[in-house]
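In short: position in the sequence shown from 1, add 2, done, that's our numbering.
Don't be surprised by glycine CBs; every beta carbon is placed ideally from N, CA and C.
Accompanying notes for the structure given below.
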Amino acid sequence: MTPNNIIFADLSTYTPKKSMAFYEHTFKWNYYESNDYYVAYLGNTQVTGLYETPDKFQQMGMPHFWMMYIQVSNVDATIRLAKQFGAIIEMSYELIGFGKVALLRDPLGAGFTIYEGDKLNNTRTKNTKNTLVWNELHVSNANAVIPFYEGIFNWKITETQDGLYPILNQEQEHIADILEISNQYKGKYEYWVCTFGVESLETTKNLILENDGNLINQEGSRALFTDNSGEAFFYIQEV
């Protein structure tokens, strides 16, 4: 295990059955339930997860959202360090036989999960269709969060062009991006976005629209959508 890398994503939704139907049609995933958590498979391979948004967050009016997971060597130590850099710790817990998990928010409020253990598979791929292939952070002020991510994950983040900040891990591998986008275009929230690889942008776009998803923006070989909740953002990209 190489710590501080992105390995997984799951969907928090108010309507699990409705959401599962959308992704089953769009990406040909099959869901299996275990202890009120749903694991999505592509054939025999685990790809993502899904769960019903906890009451606490529903009462806060949190939108449906995709959540990414970063594997760490020690959740407790990461939490202590994250607090020093201005993190909000929404929750942390240990599941016997699975590992430790914590939900954090960066100084601008973008949420992500850290995971300690060896039971959660690394399901992110580079070029496999209908799987998680990329992650990026959309924020209004990149400089407000760069020290946070560099400080707790030992990432290296530098601006290469206007508004684009590649993230390099400890092995100097390009693992994600930060995009600085004004609220006028991205909305009021700061958030991490998942990208799923597809064989054909147009074919998958049509499936998404047929199943009540919404096209937000299309740029070259990728496009940004919300699912049938109208809230959970994700990209698709040809691979």
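Legend entry - 7 Å Cβ cutoff, Phe67 in contact with chain C: In the structure shown, chain C cannot be found, because there is only a single protein chain.
Legend entry - First through last residue of the beta strand (DSSP E) which encompasses Met22: Looking up residue 22 in the sequence shown gives position 20. For Met22, there is no enclosing beta strand (DSSP E); the residue is part of the alpha helix (DSSP H) that begins and ends at 18 to 29.
Inset, instruction - Could you please give me the residues that DSSP links to Ser184 through a beta bridge? - result: As a position in the sequence shown, residue 184 is number 182, starting the count at 1. In the DSSP assignment, Ser184 is bridged to no other residue.
Legend entry - Contact check, Ala89 vs Leu106, beta carbons under 7 Å: In the sequence shown, counting from the first residue as 1, residue 89 sits at position 87. In the sequence shown, counting from the first residue as 1, residue 106 sits at position 104. In contact: Ala89 and Leu106 (Cβ atoms closer than 7 Å).
Legend entry - As assigned by DSSP and simplified to three states, the class of Gly199: Here residue 199 refers to the residue found at position 197 when the sequence shown is read from its first residue. In the displayed model, Gly199 falls within a strand according to three-state DSSP.
Inset, instruction - With a threshold of 16 other CB atoms inside 10 Å of the CB of Met22, please say whether the residue is buried or exposed. - result: Residue numbering aside, residue 22 sits at position 20 when the sequence shown is read from its first letter. Residue burial is scored here from C-beta neighbours: Met22 has at least 16 other C-beta atoms within 10 angstroms and is therefore classed as buried.
Legend entry - As assigned by DSSP and simplified to three states, the class of Gly63: Locating residue 63 in the sequence shown gives position 61, counting from the first residue. Three-state DSSP puts Gly63 in coil, outside helix and strand.
Legend entry - Sequence-distant residues of the same chain with beta carbon closer than 7 Å to Thr28, five excluded per side: In the sequence shown, the residue the question calls residue 28 occupies position 26. Thr206, Leu209, Ile210, Asn213, listed in sequence order.
Legend entry - Ile98, DSSP secondary structure in three states: As a working mapping, residue 98 is identified with position 96 in the sequence shown. Of the three classes helix, strand and coil, the one that applies to Ile98 here is coil, per DSSP.
Legend entry - Inter-residue spacing [alpha-carbon to alpha-carbon] between Gln220 and Leu226: On the sequence shown, residue 220 is found 218 positions in, with the first residue counted as 1. On the sequence shown, residue 226 is found 224 positions in, with the first residue counted as 1. Their backbone Cα atoms lie some 6 Å apart in a straight line.
Inset, instruction - Measuring alpha carbon to alpha carbon, tell me which of Phe59, Phe67, Phe10, Asn145 ends up nearest Gln48. - result: Walking along the sequence shown from the start, residue 48 turns up at place 46. When only C-alpha atoms are compared, the closest one is Phe10.
Legend entry - Val74 and Ile116 closer than 7 Å at C-beta: Taking the first residue of the sequence shown as 1, we reach residue 74 at position 72. Taking the first residue of the sequence shown as 1, we reach residue 116 at position 114. Cβ distance < 7 Å, so Val74 and Ile116 count as in contact.
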